[in-house]
Amino acid sequence: RTEPATPHMRAIDAIKANADEGGLEAALSAGITTAQILPGSANVIGGTGVVVKTAPKVVVDEMVVRNPSGMKIAFGENPRRVYGVEQKKMPA
């Protein structure tokens, strides 16, 4: 389990250039040329997002349009489900 605040997490670290995972390739084949990739919603403060071009490149840095593109913050059901309603731990 992680902490509710992980502002140091970066979505760019989860992207693999030319990877055979299919997500960016599927987006490109559907006509999506640019995408913002964000951390998940389990943490209240999830980390920073990145905007990338979906065309495959040799290295991830060649795909980046803007990094960081913003901070992912979630106040909905996901953090509540993960950390519970009784937990009073707030980010410092």
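Numbering (my numbering), first residue to last: 15 to 106. Even glycine gets a Cβ: it sits at the ideal position worked out from N, Cα and C.
Nearest to residue i (by Cα), restricted to the options the options
i     : options             : result
Thr47 : Gly54, Ala56, Gly37 : Gly37
Gly45 : Leu52, Lys30, Lys67 : Lys67
Asp27 : Ala19, Leu52, Pro18 : Leu52
Ala41 : Thr16, Ala69, Ala19 : Ala69
As assigned by DSSP and simplified to three states, the class of residue i
i     : result
Ala41 : helix
Val74 : helix
Ala49 : strand
Close-in-space but distant-in-sequence residues of the same chain around residue i (CB under 6 Å, 5 per side omitted)
i     : result
Tyr97 : Pro18
Val65 : Gln50, Val79, Arg80, Ser83
Alpha helix (DSSP H) segment containing residue i, residue limits
i     : result
Asn81 : Where Asn81 is concerned, there is no enclosing alpha helix (DSSP H), although the beta strand (DSSP E) it sits in stretches over 78-87.
7 Å CB neighbourhood of residue i in its chain, flanking five on each side removed
i     : result
Gly54 : Gly60
Own chain partners of residue i with C-beta closer than 8 Å, once the 5 adjacent residues on each side are dropped
i     : result
Thr20 : Pro53, Asn57, Ile59, Gly60, Gly61
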